[in-house]
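Undergrad: Mind the numbering: the sequence shown is residues 1 to 475 in our numbering, read in order.
Built from N, CA and C at the ideal position, the CB exists for glycine as well.
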Amino acid sequence: MTAAADWYPDPTGRHEKRYWSGSAWTEHVFTAGTQAVDPMRAVDPPVVHDVVVEPIVAAPATPKVPMFGARKFAGEALQENARLQALIDKHGLKSLAQLDATRDEIRAQIAAAHAELSSVRGSIHYAQQELASVRSAVVDLRAAVDLQEFGLYDFENPAESSVTLATQLEQLRTQIKEAVRRGQATSATTNFTFNNSRAKGDKFVRDMSKLMLRSYNAEAENCIKAVRAGNLATAQKRLSTAVDQVARLGTMIDLQITSYYHGLRLRELELASRHLQALQAEKERERERREQLRQQRLAEQELAKEKERLEKERKHYENVLATLIANGDVEGAERLRAQLADVEKAIQDVDYRTANIRAGYVYVISNLGSFGPDVVKIGMTRRLDPMDRVNELGDASVPFRFDVHALFFADDAVAIETMLHQHFADRRLNKVNLRREYFRATPAEVLEVLREHHVEVIEYTVEPAALEYRGSIAT
1 MTAAADWYPD PTGRHEKRYW SGSAWTEHVF TAGTQAVDPM RAVDPPVVHD VVVEPIVAAP
61 ATPKVPMFGA RKFAGEALQE NARLQALIDK HGLKSLAQLD ATRDEIRAQI AAAHAELSSV
121 RGSIHYAQQE LASVRSAVVD LRAAVDLQEF GLYDFENPAE SSVTLATQLE QLRTQIKEAV
181 RRGQATSATT NFTFNNSRAK GDKFVRDMSK LMLRSYNAEA ENCIKAVRAG NLATAQKRLS
241 TAVDQVARLG TMIDLQITSY YHGLRLRELE LASRHLQALQ AEKERERERR EQLRQQRLAE
301 QELAKEKERL EKERKHYENV LATLIANGDV EGAERLRAQL ADVEKAIQDV DYRTANIRAG
361 YVYVISNLGS FGPDVVKIGM TRRLDPMDRV NELGDASVPF RFDVHALFFA DDAVAIETML
421 HQHFADRRLN KVNLRREYFR ATPAEVLEVL REHHVEVIEY TVEPAALEYR GSIAT
């Protein structure tokens with residue numbers, strides 16, 4: 001028979017009582033009026049007949065109140081309740097539920113404590129990162145202050161905005177700063193004494209080196225800020241002069257700007273100039289592109305206007321021809337047919353030039369008064385009247401008009417122009433902006449190249465007239 005759930009003598013002998021759940025011994029024990037927890041190994045269940053089973057073992061069915069003796073029945077019931085409550089208080093049955101509630105509460109407190117601990121650890125980690133960042137900033141600031149004592153500041157270099165040069169500039173500036181930190185920017189004697197004191201002599205050398213380096217770095221910064229696309233050589237000479245001045249003023253202690261450090265600053269100056277040159281070249285290319293588009297639009301407008309005029313002229317000739325035929329004027333009709341054929345040929349030429357963008361006029365011109373002898377401009381134009389383009393070139397940009405040595409039409413004027421430019425490439429006056437089509441060559445040399453390439457030229461003038469220029473110097 002299985003014993004009912006209740007408190008029974010502890011079968012292990014370690015405690016007074018142990019709670020039997022009705023199917024197994026539990027970990028709840030009772031000793032000396034105190035309830036505790038003590039896990040145990042499986043043992044046999046309690047023997048029912050060995051246990052003094054109080055009425056608490058199984059609650060009897062609710063008795064009925066007798067019709068007679070109700071007062072006595074009530075008194076006995078109160079006594080029984082008091083006895084049962086005493087058993088509960090004695091064996092701690094009432095605190096078992098309280099223990100479960102306390103356990104749940106403690107577990108909740110532990111979970112909250114873990115969450116709080118995790119939050120605190122996160123705050124500590126964030127604070128450590130902030131501290132590291134601040135320390136790094138302090139180190140960088142101290143390094144910057146140290147470099148500024150030598151006149152080395154972070155100023156704006158034009159090459160910073162360059163896609164291709166920005167990385168080179170950053171690496172170069174790192175080398176410059178490192179050279180200053182390691183004392184590689186200047187060199188001086190190590191045996192100088194001041195008032196018979198070696199320590200004072202060393203301090204004097206350090207102070208003078210710092211002062212002269214500040215002066216040199218200031219000059220380098222000014223050179224970089226003042227450099228332009230076309231004055232790199234001037235800026236380099238100015239910075240090299242600063243090196244000579246430092247050497248002259250520091251003669252007593254053999255003070256010099258090292259060639260290594262001077263080379264770094266010259267490279268920094270060169271990067272700035274290269275970027276400015278690239279910007280200038282791009283501006284020139286953009287201006288030339290706009291000019292080409294303008295010339296193309298003018299040519300298209302002129303060709304369209306000329307075609308409209310020729311179409312009207314052809315219509316007029318056709319009407320007159322019809323009248324002559326109707327009147328039987330055979331001779332007049334034949335003459336008009338010849339004129340009409342010329343008009344139709346002109347219309348075909350206009351259509352061809354409109355469709356073929358490579359067709360145009362190649363020109364070889366010079367300006368003795370503006371550029372001196374042996375300088376020619378070689379180009380091409382698609383304008384209906386090529387002299388319009390030549391006159392535009394001599395309108396306002398130069399003091400004298402251009403002289404024309406050659407002006408001829410070609411089906412592929414672009415190819416002839418390119419061939420001449422490539423042949424005289426090493427004689428370009430402007431090697432940066434290739435749209436500046438001026439070459440140091442004589443008209444006779446250009447004619448010889450045209451003949452070598454079998455370019456058909458009907459008329460060519462070797463000697464320039466230069467009427468305006470010659471008239472000016474004669475007065």
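1. For the alpha helix (DSSP H) that contains residue 255, what are its first and last residues?
2. Spatial neighbours of residue 458 within its chain, please: C-beta separation below 7 Å, excluding the five flanking residues on both sides.
3. Just mark residue 57 as buried or exposed, buried being the case when its beta carbon has 16 or more other beta carbons within 10 Å.
4. Take residue 53 and list the residues in its own chain whose beta-carbon comes closer than 7 Å to its own, dropping the five residues that flank it on each side.
5. Rounded to whole angstroms, what's the CA-CA distance from residue 190 to residue 199? Just pull it up for me.
6. Measure the C-alpha to C-alpha separation of residue 322 and residue 310 and round it to an integer number of angstroms.
7. Do residue 236 and residue 266 have their C-beta atoms closer together than 8 Å?
8. In the DSSP assignment, find the beta strand (DSSP E) that holds residue 366 and state where it starts and stops.
9. For residue 281, which residues from the same chain have a beta carbon less than 7 Å from its beta carbon, with the 5 sequence-adjacent residues on both sides left out?
10. If contacts are defined as beta-carbon pairs under 8 Å, then residue 253 and residue 186 qualify, I think. What distance do you get, rounded to the angstrom?
11. Am I right that residue 382 and residue 295 are in contact with their C-beta atoms under 8 Å? What's the rounded C-beta distance?
12. Give me the residue from 453, 419 and 168 with the minimum Cα distance to residue 437.
13. With a CB to CB cut of under 6 Å and the five nearest residues on each side skipped, what residues in its chain are close to residue 179?
14. Compute the beta-carbon to beta-carbon distance between residue 435 and residue 288, rounded to the nearest angstrom, for a pair I have assumed lies under 8 Å.
15. For residue 370 versus residue 403, is the C-beta distance shorter than 8 Å?
16. Run through the DSSP bridge pairs and tell me what residue 9 is partnered with.
17. Given that a residue counts as buried once 16 or more other Cβ atoms are within 10 Å of its Cβ, and exposed if not, what is residue 182?
18. Just to confirm my understanding: we take residue 273, look at its own chain, exclude 5 residues before and 5 after, and list those with CB closer than 6 Å. What are they?
19. Quick test of your reading: residue 6 and residue 29, contact by CB under 8 Å. State the CB separation rounded to the nearest angstrom.
20. For residue 15 and residue 25, I'd like the C-alpha separation in whole angstroms.
21. To the nearest angstrom, report how far apart residue 124 and residue 117 are at their CA atoms.
22. Would you give the residue range spanned by the alpha helix (DSSP H) that residue 225 belongs to?
23. Quick test of your reading: residue 165 and residue 271, contact by CB under 8 Å. State the CB separation rounded to the nearest angstrom.
24. Going along the chain, which residues of its own chain have a beta-carbon closer than 6 Å to the beta-carbon of residue 277, five neighbours each way excluded?
25. Starting from residue 357 and walking both ways along the beta strand (DSSP E), at which residues does that stretch end?
26. Express the C-alpha separation of residue 463 and residue 263 in angstroms, rounding to a whole number.
27. Compute the Euclidean distance between the alpha carbons of residue 223 and residue 157, then round it to the nearest angstrom.
28. Which of the three DSSP states, helix, strand or coil, is assigned to residue 184?
29. If you draw a straight line from the C-alpha of residue 39 to the C-alpha of residue 113, how long is it?
30. Going by DSSP, what residue range makes up the beta strand (DSSP E) through residue 378?
31. Where residue 130 and residue 119 are concerned, what is the direct C-alpha to C-alpha distance, given to the nearest angstrom?
32. Assuming residue 468 contacts residue 401 (C-beta within less than 8 Å), just tell me the rounded distance between them.
33. On the three-state DSSP scale, how would you describe residue 433?
TA: From the atom records:
1. No alpha helix (DSSP H) holds residue 255; DSSP gives it neither H nor E.
2. In chain order, 408 place their CB closer than 7 Å to the CB of residue 458, counting only its own chain and leaving out the 5 sequence neighbours on each side.
3. Annotation note: pLDDT 43 at residue 57 (below 50); position unreliable, no value reported.
4. Only weak support exists for where residue 53 lies, its pLDDT of 41 falling under 50; the coordinates are left without a value.
5. Residue 190 and residue 199 have their C-alpha atoms spaced approximately 11 Å apart.
6. When the Cα atoms are used, residue 322 and residue 310 turn out to be separated by approximately 18 Å.
7. Yes.
8. Per DSSP, the continuous beta strand (DSSP E) segment holding residue 366 begins and ends at 360–366.
9. Excluding residues within five positions, the ones whose Cβ falls inside 7 Å are 432 and 433.
10. In fact, because the Cβ distance is near 10 Å, the residues do not count as touching under 8 Å.
11. With a Cβ gap of about 7 Å, residue 382 and residue 295 count as contacting.
12. Minimum Cα distance to residue 437 is reached at 419.
13. Taking residue 179 as the centre and dropping the five residues before and after it, the same chain places the C-beta of 185 and 261 closer than 6 Å to its C-beta, in chain order.
14. Right, their Cβ atoms sit about 4 Å apart.
15. No, the pair does not count as a contact, with Cβ atoms beyond the cut-off.
16. Beta-bridge analysis with DSSP links residue 9 to 17.
17. In this structure residue 182 is exposed. Its beta-carbon is surrounded by fewer than 16 other beta-carbon atoms within 10 angstroms.
18. Around residue 273: 227 and 232.
19. The beta carbons of residue 6 and residue 29 sit about 14 Å from each other, so the pair does not count as a contact at 8 Å.
20. Answer to the nearest angstrom: the Cα atoms are 13 Å apart.
21. The alpha-carbon atoms of residue 124 and residue 117 are separated by roughly 10 Å.
22. Here the alpha helix (DSSP H) through residue 225 covers 198–226.
23. Their Cβ separation, rounded to whole angstroms, is 5 Å, which keeps residue 165 and residue 271 in contact under 8 Å.
24. Short of 6 Å from the beta carbon of residue 277, and not among the five residues preceding or following it, lie these beta carbons of its own chain, in chain order: 229.
25. Here residue 357 belongs to no beta strand (DSSP E), and DSSP marks it neither H nor E.
26. Rounded to whole angstroms, the gap between the alpha carbons of residue 263 and residue 463 is 50 Å.
27. If I take the Cα positions, the gap works out to 11 Å.
28. When DSSP states are grouped into helix, strand and coil, residue 184 belongs to the coil group.
29. When the Cα atoms are used, residue 39 and residue 113 turn out to be separated by approximately 28 Å.
30. 376–381 is the span of the beta strand (DSSP E), which, as asked, contains residue 378.
31. Near 17 Å, if we compare the C-alpha coordinates of residue 119 and residue 130.
32. Correct: roughly 6 Å between the Cβ atoms.
33. Secondary structure at residue 433: coil, using DSSP grouped into helix, strand and coil.
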